[in-house]
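Worksheet: the structure to be examined is printed underneath.
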Amino acid sequence: MNAAPLTPAALWPRTLAVTRHALETGALQPIATEARTLPIANTTFQVRVLGRVALKERKRPAPPAGSEPFNPFANPEPDLVLGDVPPSHVCLLNKFNVVEHHLLLVTRAFESQDALLTLADFDALSTCLEGLDGLAFYNAGEMAGASQRHKHLQLVPPLGPDGKRAPVEALLPPLPGPGRVIAVEALPFAHLLAGLGPWGAPGQGERMLAAYRLLREAMGLEEHSPYNLLVTRDWMLLVPRGRAEALGVNVNALGFAGSLLVRTPEQFDAVAALGPLELLRQVAGVTS
6 MNAAPLTPAA LWPRTLAVTR HALETGALQP IATEARTLPI ANTTFQVRVL GRVALKERKR
66 PAPPAGSEPF NPFANPEPDL VLGDVPPSHV CLLNKFNVVE HHLLLVTRAF ESQDALLTLA
126 DFDALSTCLE GLDGLAFYNA GEMAGASQRH KHLQLVPPLG PDGKRAPVEA LLPPLPGPGR
186 VIAVEALPFA HLLAGLGPWG APGQGERMLA AYRLLREAMG LEEHSPYNLL VTRDWMLLVP
246 RGRAEALGVN VNALGFAGSL LVRTPEQFDA VAALGPLELL RQVAGVTS
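Using the numbering used here, the letters of the sequence shown map in sequence onto residues 6 to 293.
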């Protein structure tokens, strides 16, 4: 993976330039969806419904029996790469994106997607969040919605509404200070929230790592327990996972941010009838 180092100032201009080029070459293949919303307390959750063409395109042939699973991150398509992110990551576009300007932060050397996050991960993530004040997330393992085994964090621009980085942000209370975690009364699923303190001070990656470890310890997670992690410049939310799906809807970290993806209008109707917060409660794990 030979790519120019990526600075925070260069991240967004580079995202726009690489996106334009990747669309021209066909390397980037956005998935068409119909955007719908569901009102939740003081916000609206987003539900994207796959189109019939997109649903057909998502059905990929199974690999031959006995073959190694294909790893698209081992040698990513050059037209998708934004650049290296020190100390040990590469930033690239998500080839099959649902959300526009969806970035992946991939380890250069293979690490498992259910491995613990490290200081190197958070140092790279802090570089990207400095360049894009959006929503970062991590799906720890297949049950948590990970589709690839090669470790990768993800970053998307603010999802809204009202400029919020995630719909769920409107439900959060005043953030706890560093070194403390709380449960949010408005969220009926197992979770814990940590505040990250003022953004921009030296050692941001170390503060993120400390909050991550505190959340894991307070939640009682074992080393390879599945979970979802949401991260912004200000806060970090951890959700343990007990199931991969409910109502046939696969849920990853974006679901807990307030953005779900369903395959059909019928699935949307089922989610609307059940309520998205109840759907999330059913797939979340339990605290120890």
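Glycine is no exception: its CB is placed at the ideal position from the N, C-alpha and C atoms.
Here the structure is a predicted model, which is why all the values come from computation and not from measurement.
| As assigned by DSSP and simplified to three states, the class of Ala59 | Interpretation of Ala59 is limited by its pLDDT of 49, a score under 50 that renders its predicted location unreliable; the figure taken from the coordinates is listed afterwards. If DSSP states are grouped into helix, strand and coil, Ala59 belongs with the helices.
| task | Report the option in Arg238, Leu21, Glu116, Glu250 whose CA atom is closest to the CA atom of Glu86. | result | A small fix is needed here, since residue 86 is Val in this sequence, not Glu. For the residues Arg238, Leu21, Glu116, Glu250, the minimum Cα distance to Val86 belongs to Leu21.
| In terms of alpha-carbon separation, which member of Ala278, Thr269, Ala277 lies closest to Val54? | Thr269
| request: Output the boundary residues of the beta strand (DSSP E) element that contains Leu234. | output: 232-236
| request: Please go through the same chain and pick out, in chain order, the residues whose beta-carbon is closer than 7 Å to the beta-carbon of Leu279, but skip the five residues on each side of it. | output: Leu252
| said: Please report the distance separating the alpha-carbon of Gly208 from that of Val288. | reply: 34 Å
| query | Can you give the Cα-Cα distance for Ala59 and Asp119, rounded to whole angstroms? | reply | In this predicted model, Ala59 has a pLDDT of only 49, less than 50, meaning its place in the structure is not dependable enough to derive any value.
| query | Nearest to Thr48 by CA position, among Ala258, Leu282, Leu140, is which residue? | reply | Leu282
| said: Could you tell me which whole alpha helix (DSSP H) segments of length 4 or greater appear in the region 254-285? | reply: 258-262, 270-279
| Among Phe50, Leu265, Pro18, which residue has its Cα nearest to the Cα of Leu176? | Phe50
| If Leu235 and Leu140 are in contact, beta carbons under 8 Å, what's the gap, nearest whole angstrom? | 7 Å
| Is the Cβ-Cβ distance between Leu192 and Lys100 less than 9 Å? | no
| For Ala258 and Asn233, believed in contact at Cβ under 8 Å, the rounded distance | 4 Å
| message | Give me, in chain order, the residues of the same chain whose beta-carbon lies closer than 7 Å to that of Leu43; leave out the 5 immediate sequence neighbours on both sides. | response | Thr49, Phe50, Val52, Ala277, Pro281
| request: Compute the beta-carbon to beta-carbon distance between Pro172 and Ala262, rounded to the nearest angstrom, for a pair I have assumed lies under 8 Å. | output: 7 Å
| Top-ranked residue by Cα proximity to Pro245, from Asp239, Arg238, Val256 | Val256
| task | Run the CB neighbour count on Ala188, radius 10 Å, all protein chains shown included, and call it buried at 16 or more, exposed below. | result | exposed
| Is the region 179-188 close to the region 149-169, with three or more CB pairs under 8 Å? | no
| query | If you compare alpha carbons, which of Gly56, Leu243, Cys133, Arg19 is closest to Pro92? | reply | Cys133
| task | Could you check which residue in Pro10, Ile36, His94, Arg41 has the C-alpha nearest to that of Gln272? | result | Arg41
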